[in-house]
Amino acid sequence: LQDLIVTNHTLLLLLDGVRELTADGIPGDMLGHIKQFATVEIMHQYGLLLEDFRENGAFVNDCIFTMMHHVGGDLGQINVLFQPSILKTYSQIWETEYELCDDWSDLIEYVIHKFINTPQPAPLTLSTTLPDISTQLLSSNLLVTWTQEEKDSLHWYYVQCRQSKCVVADILKLFQENGNQQKTRLSIIEQLLEQNIITLIQYDDLMKVENPDYERNVQTPALSVASADSPKPEDGDSKTSSKAVDDIQVLRDRLQKENRGKLIAWLQKSLLDCCFVKLNLLSGTIHVTTGIGGSIGEVVMEPVSYHCILKKKSIPVVPWNQDQFAILSYQPFILLLHKLGFHLPADAKKMFVRIPEFWTADILYNIALKLGPLDKCK
Numbered sequence: 113l114q115d116l117i118v119t120n121h122t123l124l125l126l127l128d129g130v131r132e133l134t135a136d137g138i139p140g141d142m143l144g145h146i147k148q149f150a151t152v153e154i155m156h157q158y159g160l161l162l163e164d165f166r167e168n169g170a171f172v173n174d175c176i177f178t179m180m181h182h183v184g185g186d187l188g189q190i191n192v193l194f195q196p197s198i199l200k201t202y203s204q205i206w207e208t209e210y211e212l213c214d215d216w217s218d219l220i221e222y223v224i225h226k227f228i229n230t231p232q233p234a235p236l237t238l239s240t241t242l243p244d245i246s247t248q249l250l251s252s253n254l255l256v257t258w259t260q261e262e263k264d265s266l267h268w269y270y271v272q273c274r275q276s277k278c279v280v281a282d283i284l285k286l287f288q289e290n291g292n293q294q295k296t297r298l299s300i301i302e303q304l305l306e307q308n309i310i311t312l313i314q315y316d317d318l319m320k321v322e323n324p325d326y327e328r329n330v331q332t333p334a335l336s337v338a339s340a341d342s343p344k345p346e347d348g349d350s351k352t353s354s355k356a357v358d359d360i361q362v363l364r365d366r367l368q369k370e371n372r373g374k375l376i377a378w379l380q381k382s383l384l385d386c387c388f389v390k391l392n393l394l395s396g397t398i399h400v401t402t403g404i405g406g407s408i409g410e411v412v413m414e415p416v417s418y419h420c421i422l423k424k425k426s427i428p429v430v431p432w433n434q435d436q437f438a439i440l441s442y443q444p445f446i447l448l449l450h451k452l453g454f455h456l457p458a459d460a461k462k463m464f465v466r467i468p469e470f471w472t473a474d475i476l477y478n479i480a481l482k483l484g485p486l487d488k489c490k
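Per my numbering, residue 113 is the first one in the sequence shown, and the count goes up by one each step.
Here it is as structure tokens:
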């Protein structure tokens with residue numbers, strides 16, 4: 113942990129020095145990088161190292177306080193420092209009058225003062241946390257209500273289970289394994305049809321399995337209209353197949369609308385990094401670039417991609433910040449990876465999503481294009 117924090121501090125100093133030497137250095141670039149550290153999880157790690165402030169030495173403590181100063185001051189995210197472990201260590205430093213520079217003493221005083229004077233959320237009471245039991249019993253809609261996240265999960269579970277002989281049972285089992293005990297077999301079938309994941313013919317087949325008398329009861333007014341207006345089975349199948357063709361674009365557009373465009377760009381860059389490495393190894397030449405002051409230097413290839421491709425192994429897509437880590441467990445993004453042909457952790461029995469080693473430079477480039485237009489400035 114100490115090595116990571118000190119190395120990151122050294123990197124920030126290096127980037128700051130380079131920014132000052134270049135005419136187009138933009139302070140916002142540095143803040144954008146530091147923003148990735150303004151999370152409760154990352155600051156918790158800094159707080160863990162700060163607990164050993166007596167043994168750390170002045171330089172290590174400077175590395176910790178510099179980042180905390182950026183987060184609480186430059187970014188105004190002081191609330192992420194309101195953690196018991198951090199506040200406890202701050203109090204110990206303050207009470208023992210441990211020798212620190214004035215900037216760090218001011219930071220400690222400011223954080224503690226701000227925490228004391230910031231109203232804390234009111235504790236939850238039973239009346240606010242427990243709904244009226246009679247309302248639950250009377251409301252039949254609770255059992256069939258689907259959140260957007262559950263709908264996304266259903267689509268992904270269906271992709272996993274559609275080859276199974278007991279597809280509905282397997283989907284229900286996946287919901288239960290993930291803590292959702294309220295879903296029923298019938299509600300799953302209804303939702304599959306509502307989302308156009310299955311055709312009306314498939315819906316009928318599944319309902320017949322659940323209820324042998326389904327054929328006698330099928331002619332309800334709502335379904336009669338649907339049957340009269342619905343296309344023939346062949347049309348339904350062609351509609352499903354055309355829908356499958358557009359899945360990648362639909363998923364990509366949805367992620368864009370959810371302000372996750374940067375994460376699509378990150379995935380695209382991972383593909384292009386691999387493409388660049390493969391082209392260099394294929395041609396046997398290294399591209400050069402113009403550096404600071406007009407000097408010429410070699411382009412440094414992304415090390416994870418380079419070493420994996422050199423060893424002819426699949427390339428892991430490594431998340432470097434909290435947003436990237438979170439998106440890799442977001443069902444629509446996982447489905448997008450599946451549609452594109454990435455090796456998912458469960459399939460490859462590995463920790464990370466992986467880019468197949470056998471993808472050529474052409475394939476990598478074409479898949480990157482499916483994620484959107486390329487930013488040629490980069």
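Glycine included, every Cβ here is placed at the ideal spot set by N, Cα and C.
Inset, instruction - Take Phe-388 and list the residues in its own chain whose beta-carbon comes closer than 7 Å to its own, dropping the five residues that flank it on each side. - result: For the purposes of this step, residue 388 is taken as residue 276 along the sequence shown, with counting starting at 1. Short of 7 Å from the beta carbon of Phe-388, and not among the five residues preceding or following it, lie these beta carbons of its own chain, in chain order: Met-413.
Inset, instruction - Grab the span of the alpha helix (DSSP H) containing Glu-262 for me, first residue to last. - result: For the purposes of this step, residue 262 is identified with residue 150 of the sequence shown, where counting begins at 1. For Glu-262, the enclosing alpha helix (DSSP H) stretches over residues 260-273.
Legend entry - Same chain, Cβ closer than 6 Å to Phe-445, neighbours up to 5 away in sequence not counted: The residue labelled residue 445 in the question sits at position 333 within the sequence shown. Closer than 6 Å at Cβ, skipping near neighbours: Ile-439.
Legend entry - Distance CB(Leu-286)-CB(Ser-299) smaller than 9 Å: For the purposes of this step, residue 286 is identified with residue 174 of the sequence shown, where counting begins at 1. For the purposes of this step, residue 299 is identified with residue 187 of the sequence shown, where counting begins at 1. No, the Cβ-Cβ distance between Leu-286 and Ser-299 is not below 9 Å.
Legend entry - Close-in-space but distant-in-sequence residues of the same chain around His-455 (CB under 8 Å, 5 per side omitted): In the sequence shown, counting from the first residue as 1, residue 455 sits at position 343. These residues qualify, in order along the chain: Ser-426, Lys-462, Val-465, Arg-466, Ile-467 and Pro-468.
Inset, instruction - Give me the Cα-Cα distance between Val-416 and Ile-154, rounded to the nearest whole angstrom. - result: Here residue 416 refers to the residue found at position 304 when the sequence shown is read from its first residue. Here residue 154 refers to the residue found at position 42 when the sequence shown is read from its first residue. Rounded to whole angstroms, Val-416 and Ile-154 show a C-alpha spacing of 23 Å.
Inset, instruction - Can you tell me which of the three DSSP states Ile-427 falls into? - result: Position 315 of the sequence shown, counting from 1, holds the residue named residue 427. Note: Ile-427 maps to strand in three-state DSSP.
Inset, instruction - State yes or no: is the C-beta of Glu-289 nearer than 8 Å to some heavy atom of the ligand COA? - result: As far as ligands go, the structure on display features none, and thus does not contain the ligand COA.
Legend entry - Cβ neighbour criterion (16 or more within 10 Å) applied to Phe-437: As a position in the sequence shown, residue 437 is number 325, starting the count at 1. Per the 10 Å Cβ criterion, exposed.
Legend entry - Beta-carbon separation (whole angstroms), Thr-201 vs Glu-163, contact threshold 8 Å: As a working note, residue 201 is residue 89 in the sequence shown. As a working note, residue 163 is residue 51 in the sequence shown. Cβ atoms of Thr-201 and Glu-163 come within 8 Å of each other, at about 5 Å.
Inset, instruction - Going by CA-CA distance only, name the one from Phe-171, Cys-175, Thr-230 and Glu-211 that's closest to Asn-191. - result: Position 79 of the sequence shown, counting from 1, holds the residue named residue 191. Relative to the Cα of Asn-191, the nearest Cα in the group Phe-171, Cys-175, Thr-230 and Glu-211 belongs to Thr-230.
Legend entry - Minimum C-alpha distance to Thr-208 - residue among Pro-196, Arg-166 and Gln-195: Reading the sequence shown from its first residue, position 96 is the one you call residue 208. Ranking Pro-196, Arg-166 and Gln-195 by CA distance to the CA of Thr-208 puts Arg-166 first.
Legend entry - Exposed unless 16 or more other CB atoms sit within 10 angstroms - verdict on Lys-277: Indexing the sequence shown from 1 puts residue 277 at position 165. It is exposed - the Cβ of Lys-277 has fewer than 16 other Cβ atoms within 10 Å.
Legend entry - Rounded C-alpha distance that separates Gly-405 from Ile-421: Your numbering for residue 405 matches position 293 in the sequence shown. Your numbering for residue 421 matches position 309 in the sequence shown. For Gly-405, the pLDDT reaches just 47, beneath the cut-off of 50, and the residue's location in the model is therefore unreliable, leaving the point undetermined.
Legend entry - Neighbourhood of Arg-297 by C-beta distance below 8 Å, restricted to the same chain and skipping five residues each side: Walking along the sequence shown from the start, residue 297 turns up at place 185. Spatial neighbours of Arg-297 in its own chain (CB-CB distance under 8 Å, excluding positions within 5 residues in sequence) are listed in chain order as Val-280, Ala-281, Leu-284 and Glu-322.
Inset, instruction - Tell me whether the beta-carbon of Asn-168 lies closer than 9 Å to the beta-carbon of Trp-216. - result: If you number the sequence shown from 1, residue 168 lands on position 56. If you number the sequence shown from 1, residue 216 lands on position 104. No.
Inset, instruction - Grab the span of the alpha helix (DSSP H) containing Ser-203 for me, first residue to last. - result: Taking the sequence shown and counting its residues from 1, the one referred to as residue 203 is at position 91. Counting along the chain, the alpha helix (DSSP H) containing Ser-203 begins and ends at 196-208.
Inset, instruction - Along the alpha helix (DSSP H) that carries His-182, what are the first and last residues, could you check? - result: Your numbering for residue 182 matches position 70 in the sequence shown. No alpha helix (DSSP H) holds His-182; DSSP gives it neither H nor E.
Legend entry - Nearest residue (CA-CA) to Val-271, options Leu-304, Trp-258 and Ala-377: The residue labelled residue 271 in the question sits at position 159 within the sequence shown. Nearest option by C-alpha distance: Leu-304.
Legend entry - Which listed residue (Glu-221, His-156 and Gln-204) has its alpha carbon closest to that of Gln-195: As a working note, residue 195 is residue 83 in the sequence shown. The shortest C-alpha separation from Gln-195 is found at His-156.
Legend entry - Cα-Cα separation between Ile-360 and Lys-482, rounded to whole angstroms: For the purposes of this step, residue 360 is taken as residue 248 along the sequence shown, with counting starting at 1. For the purposes of this step, residue 482 is taken as residue 370 along the sequence shown, with counting starting at 1. Using only the alpha carbons, I get a separation of about 8 Å.
Inset, instruction - Pull up the DSSP beta-bridge partners for Arg-466, would you. - result: Sequence index remark: in the sequence shown, residue 466 carries index 354 (1-based). Looking at the DSSP output, Arg-466 shares a beta bridge with Pro-428 and His-455.
Legend entry - Sequence-distant residues of its chain with Cβ nearer than 7 Å to Arg-366 (five each side left out): Indexing the sequence shown from 1 puts residue 366 at position 254. Excluding sequence neighbours, Arg-366 sits near Pro-444.
Legend entry - Backbone secondary structure at Lys-147 - three-state DSSP: Numbered from its first residue, the sequence shown carries residue 147 at position 35. Helix.
Legend entry - Span of the alpha helix (DSSP H), counted from its first residue to its last, around Trp-216: As a working mapping, residue 216 is identified with position 104 in the sequence shown. Looking at the DSSP string, the run of the alpha helix (DSSP H) that includes Trp-216 is 214-229.
Inset, instruction - Measure the beta-carbon distance from Phe-227 to Leu-199 and round it to whole angstroms, keeping in mind my assumption that it falls under 8 Å. - result: Translated into the one-based positions of the sequence shown, residue 227 becomes position 115. Translated into the one-based positions of the sequence shown, residue 199 becomes position 87. Rounded to whole angstroms, the Cβ separation of Phe-227 and Leu-199 is 6 Å, and the two are in contact under 8 Å.
Legend entry - Closest residue to Gly-373 among Gly-484, Gln-114, Gln-189 and Leu-219 (Cα-Cα distance): As a working mapping, residue 373 is identified with position 261 in the sequence shown. The shortest Cα separation from Gly-373 among Gly-484, Gln-114, Gln-189 and Leu-219 belongs to Gly-484.
Inset, instruction - State yes or no: is the C-beta of Ile-479 within less than 9 Å of the C-beta of Leu-447? - result: Start at 1 with the first residue of the sequence shown, and residue 479 comes out as number 367. Start at 1 with the first residue of the sequence shown, and residue 447 comes out as number 335. Cβ atoms of Ile-479 and Leu-447: not closer than 9 Å.
Legend entry - Backbone secondary structure at Asn-173 - three-state DSSP: The count along the sequence shown starts at 1 and reaches residue 173 at position 61. The DSSP-derived three-state label of Asn-173 is helix.
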